[in-house]
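S.K.: Taken in order, these protein sequences are the chains called G and V.
Sequential numbering from 1 applies to the first sequence in the numbering used here.
Sequential numbering from 1001 applies to the second sequence in the numbering used here.
Handing you this structure, nothing more for now.
There are 2 protein chains.
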Amino acid sequence: MTNGRPASLPHIVVIGAGFGGLTFCQKFPVGRARITLIDRQNHHLFQPLLYQVATAGLSAVDIAQPIRAIFGNRPDFEVVMAEVTGLDLVARRVVHARGELTYDYLVVAAGGMTSYFGHPEWEQFAPGLKTLDDALAIRRRVLLSFERAETEPDPAKRDAAMTIVVIGGGPTGVELAGTFAELTRTVLNRDFDHIDPSKARVILLEGSPRVLAAYPPELSASAQRQLEHLGVEVRTATRVEAISAGQVVAGGQTLRSDNIVWSAGVAAVPLARQLGMESDRAGRVKVRPDLSVPGHPEVFAIGDLISLVDAHGVTVPGIAPGAIQAGAFVAKLIDRELGGARPAGGEREPFVYLDKGNMATIGRSAAVAEIGRFKFSGFPAWIAWLGVHLLFLIGFRNKLSVLLQWTYSYFTYRRGARVISGTAGPPAHSS
Amino acid sequence: MTNGRPASLPHIVVIGAGFGGLTFCQKFPVGRARITLIDRQNHHLFQPLLYQVATAGLSAVDIAQPIRAIFGNRPDFEVVMAEVTGLDLVARRVVHARGELTYDYLVVAAGGMTSYFGHPEWEQFAPGLKTLDDALAIRRRVLLSFERAETEPDPAKRDAAMTIVVIGGGPTGVELAGTFAELTRTVLNRDFDHIDPSKARVILLEGSPRVLAAYPPELSASAQRQLEHLGVEVRTATRVEAISAGQVVAGGQTLRSDNIVWSAGVAAVPLARQLGMESDRAGRVKVRPDLSVPGHPEVFAIGDLISLVDAHGVTVPGIAPGAIQAGAFVAKLIDRELGGARPAGGEREPFVYLDKGNMATIGRSAAVAEIGRFKFSGFPAWIAWLGVHLLFLIGFRNKLSVLLQWTYSYFTYRRGARVISGTAGPPAHSS
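Below is the structure:
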């Protein structure tokens, strides 16, 4: 299957069309090799804004691009939509649901998945937020619970329907909690007659002493203040002890809620195990300093899948810039090797992560940001967040039009984003 | 549950937030009565464009509006999202999944559903197109089948994956077939390397001698020509004999296709039976000339639910204008009665349907249209179609912005509308 071209072009297989895989493909020079990009979904997802879909602020189409639309016309480039089921590093083969691919180089960028710290049974009661399906399910659940509350005579059930619990105070949890609070107080409050959505409870649970624990303490404090200003109940140093249908036990208290969202842990996808490497407790594989797999210099792993302390002692974080920089690094490395370049001393250069800062939004017009030595918050941080995320957009060819679209959606499509398909389900804990 | 208002305002319950129910609510003067609008979905759907969502041309949010966003702030107006499970016309009670409503007037506008002419077992193999879920499922199925075809070595399976069969040559079937043909020939053709989507087969089956059988013969002929120009195989006078997984037997031939769509029949929803009235074979209730239910002058039925030959001998068609005009008529009638007006002779005025014409699009820039005595086709008809449908938009407050949005979506969001959530499923006949 070489499209009639000479088989002399090397073949690179890239698993995963997230930030890592896509950046690799975009940075790798056209025509230098044949590339096959394989993903089990048909689209690239702009994950930093996934929480917006979950909170009915944006629609799925605002943050996703079909992979074929990004690369459709590129020569020597194929897209396969299938789940990778096996890797044979000796035979240099990738096995997927509908066939096999042999490679000269392999880039594994399959990403992460929600992790429940050894309690997989919690997943059915507290879904995570990693895919469009996750976001749409959360949105649907929350909107339906308010519909139920509107006609619910029992006050305890009504309160449970109007309570949202977000577990995990990292950036995703902070963003979810702040935006749910805004949703109830500024959007839904106008829609109902028998309930007052502005009285809905939004509770954020975080096990460590502060939210945004990976950020500087001042920003954690600022984020908590801004969240509380929006009406979120922030409970730090509060570990979850048990989760069951409609109920969370945390910090010795029982919280009843029909809307429990888990954003407390990410682990590597199971495919990582097929690399046969040492990995951490979250299944993230410990790659070599050049991001390759020990014993297989033609195989690379990048993004949320890996665990690495770089050459300067910096732990590469499991966020978009980590994947993006790694994808660019591997593209350059393979390009140079194919060009015949041999690095001095025979050793490849190690990967170095450039920490460009951290940001998290809290609601519609506030955020915290740390760029280099500058830490700031509030509206200027939010503007910076917006600017940086626009820069990082991949595949959205016309960034100006996307900005306009987000603006339009943000302020007017609120309505559209509240459309849920399907009919009203049975009362209470329907999934 | 009267919101603290005096119980003296009459209570009107409206079942269904489609064109009929919504027009009733919009035309009925604010404050004249308390209105409860109940629907099992949370949104109003602009059904004429549902086929666009099914063919990945528009997104769900382009054609749906949350009901609460349309009426949220209207005084004496409640929205209930629940399925109506029973009607007690004697006690004047509507029973729904989470409670009951008593009414002084009842307007049943619950609409239609896909009908399989006594073959309900065909539904699992040939889904219909009535709801957003239907449209999204069709879209997903078609896009996934092309993904499968891309890596399918067996030519017979590949052909089946690249064949789309539309059953039913009415306006919906014509619009679906024409747009699927365009989708494959002008959008998908650029996305794949191993298959040529422009060679996909789109087959339209119609049991009567011509497509658009309810339209003038010249327009039927024009529609067929335009469809064939787009590459659709039109088979009239071809009845479906059997449907099974991936296969349709029609006109003595067996067609293999992974994408079979049914748009050949609409019947009244089961709720219609609870009105206890005479109905036709499709379950449509035979209302009195004033659209009321025999023996219950305070109960009205409108829209796809009813079967009526009006006072001028015109059969009220099951299309949007039929529901819209009926909704407006009933609103005026109830308003006058509440105002104390008694019609001369004690008999209410009969409903008269004003046939403003018929239209159907064929692809992106062609259509057929009949308005009064004028029949025209091609691009001018398409422009007229666009203008009329914009006029009929309900609840989309800013029609100019919707026009811009449709234009934007139509030409650029093609990409966005091709995003499907979920992962690649197992090969072949997955549902």
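Just so you know, even glycine gets a beta-carbon here, dropped at the ideal spot from N, CA and C.
Give the residues of chain V in contact with G/L136, contact being defined as C-beta atoms less than 7 angstroms apart.
M.R.: Simply S1421.
S.K.: Thinking G/D335 and G/R98 are a contact (beta carbons under 8 angstroms), I'd like their distance in whole angstroms, please.
M.R.: Contact flag wrong, Cβ pair sits at about 30 angstroms.
S.K.: Within the same chain, show all residues whose beta-carbon is closer than 6 angstroms to that of V/Q1224, passing over the 5 residues directly before and after it, in chain order.
M.R.: Only V1211, V1234 meet the Cβ criterion.
S.K.: For the segment 1059-1078 of chain V, which residues have a CB atom closer than 7 angstroms to at least one CB atom of chain G, in sequence order?
M.R.: So the list reads S1059, A1060, V1061, A1064, Q1065, P1066, R1068, A1069, G1072, N1073, E1078, given in the order they occur along the chain.
S.K.: Rounded to the nearest angstrom, what separates V/E1175 and V/A1213 at their Cα positions?
M.R.: Distance between the alpha carbons of V/E1175 and V/A1213: 14 angstroms.
S.K.: To which residues does DSSP link G/R93 through a beta bridge?
M.R.: In the DSSP output, where bridge partners are listed per residue, G/R93 has G/D88, G/T102.
S.K.: Mapping the DSSP letters down to three states, classify G/L9 as helix, strand or coil.
M.R.: The answer is coil: DSSP assigns G/L9 none of H, G, I, E or B.
S.K.: Rank V/V1107, V/T1114, V/S1008, V/I1195 by C-alpha distance to the C-alpha of V/P1297 and give the top, closest one.
M.R.: When only C-alpha atoms are compared, the closest one is V/V1107.
S.K.: If you follow the alpha helix (DSSP H) that V/E1175 is in, where does it begin and where does it stop?
M.R.: Per DSSP, V/E1175 belongs to the alpha helix (DSSP H) from 1171-1182.
S.K.: Please report the residue range of the alpha helix (DSSP H) in which G/W382 lies.
M.R.: Where G/W382 is concerned, the enclosing alpha helix (DSSP H) stretches over 379-391.
S.K.: Would you say V/H1229 faces chain G, with C-beta separation under 8 angstroms as the test?
M.R.: So no, V/H1229 is outside the interface.
S.K.: Return yes when the Cβ of G/V14 is within less than 8 angstroms of the Cβ of G/L45, no when it is not.
M.R.: It is not a contact, given that the beta carbons lie outside the stated cut-off.
S.K.: Under 8 angstroms, with one C-beta from each stretch per pair, do the segment 346-354 of chain G and the segment 280-299 of chain G reach the 3-pair mark?
M.R.: Verdict: yes, contact present.
S.K.: Note down, in chain order, each residue of its chain lying with its Cβ closer than 8 angstroms to the Cβ of V/P1209, except the 5 sequence neighbours on either side.
M.R.: The answer, listed in chain order, is T1236, A1237.
S.K.: Taking Cβ positions only, does V/T1131 come closer than 8 angstroms to chain G?
M.R.: Closer than 8 angstroms to some Cβ of chain G, the Cβ of V/T1131 qualifies, so yes.
S.K.: Using a cut-off of 9 angstroms between C-beta atoms, extract the partners of G/N259 located in chain V.
M.R.: Those within 9 angstroms of G/N259 in chain V number zero; the least Cβ separation is about 16 angstroms.
S.K.: With a 10 Å radius around its C-beta and 16 neighbouring C-beta atoms as the bar for buried, classify V/N1073 as buried or exposed.
M.R.: It is exposed - the Cβ of V/N1073 has fewer than 16 other Cβ atoms within 10 Å.
S.K.: With a threshold of 8 angstroms between beta-carbons, can V/G1099 be considered close to chain G, or not?
M.R.: Output row for V/G1099: interface = yes.
S.K.: Quick test of your reading: G/S421 and V/L1132, contact by CB under 8 angstroms. State the CB separation rounded to the nearest angstrom.
M.R.: Right, the Cβ-Cβ distance comes to about 4 angstroms (below 8 angstroms), so this counts as a contact.
S.K.: So, G/V165 versus G/V248, is the Cβ gap smaller than 8 angstroms?
M.R.: Yes, Cβ-Cβ distance for G/V165 and G/V248 is below 8 angstroms.
S.K.: Output needed for G/E218: all residues of its chain with C-beta closer than 8 angstroms, excluding positions within five of it in sequence on either side, in chain order.
M.R.: The answer, listed in chain order, is K375.
S.K.: Thinking C-alpha only, which one of V/A1282, V/E1100, V/P1270, V/I1260 is nearest V/A1054?
M.R.: With distances taken between Cα atoms, V/A1054 lies closest to V/I1260.
S.K.: Applying a beta-carbon distance threshold of less than 7 angstroms, which residues of chain G neighbour V/L1143?
M.R.: In chain order: N42.
S.K.: Helix, strand or coil: how does DSSP classify G/I35 here?
M.R.: It is a strand residue.
S.K.: Is it buried or exposed for G/R148, if we count other Cβ within 10 angstroms and need 16 for buried?
M.R.: Buried, by the Cβ-count rule.
S.K.: What does a CB cutoff of less than 7 angstroms around V/R1397 pick up in its chain, not counting 5 residues either side in sequence?
M.R.: Unreliable placement is indicated for V/R1397, whose pLDDT of 49 sits below 50; the coordinate value is still reported in the next sentence. So the list is empty, once near-sequence residues are dropped.
S.K.: Could you please give the first and the last residue of the uninterrupted alpha helix (DSSP H) stretch that includes G/S244?
M.R.: No alpha helix (DSSP H) holds G/S244; the beta strand (DSSP E) holding it covers 240-244.
S.K.: Kindly indicate if chain V contains any beta-carbon less than 8 angstroms away from that of G/R364.
M.R.: Not an interface residue.
S.K.: DSSP on V/L1255, reduced to helix/strand/coil?
M.R.: If DSSP states are grouped into helix, strand and coil, V/L1255 belongs with the strands.
S.K.: Tell me G/S307's beta-bridge partners as DSSP assigns them.
M.R.: Looking at the DSSP assignment, G/S307 forms a beta bridge with G/K286.
S.K.: Closer than 7 angstroms by beta-carbon distance: list the chain V residues that pair up with G/E337, in chain order.
M.R.: Near G/E337 there are no residues of chain V at all, since even the closest Cβ is about 26 angstroms away, more than 7 angstroms.
S.K.: Which residues in the same chain have their Cβ closer than 7 angstroms to the Cβ of G/G425, if we skip the five residues on either side of it in sequence?
M.R.: Confidence at G/G425 is low in this model, with a pLDDT of 46, below 50, so its placement is unreliable and the value that follows should be read with caution. The answer, listed in chain order, is L144.
S.K.: Please report the straight-line C-alpha distance between G/E270 and G/S115, rounded to a whole angstrom.
M.R.: For the sequence presented, residue 270 of chain G should be read as Pro rather than Glu. Rounded to the nearest angstrom, the two C-alpha atoms are 11 angstroms apart.
S.K.: Taking 8 angstroms as the CB-CB cut-off, is G/R93 touching chain V?
M.R.: False, the Cβ-Cβ gap to chain V never drops below 8 angstroms.
S.K.: Given a cut-off of 8 angstroms, decide if G/D39 and G/G67 are closer than it, judged by their beta-carbon atoms.
M.R.: The displayed chain sequence assigns Ile, not Gly, to residue 67 of chain G. Yes, the pair counts as a contact, with Cβ atoms nearer than the cut-off.
S.K.: For V/F1374, which residues does DSSP report across the bridge?
M.R.: Paired residue(s): V/I1371.
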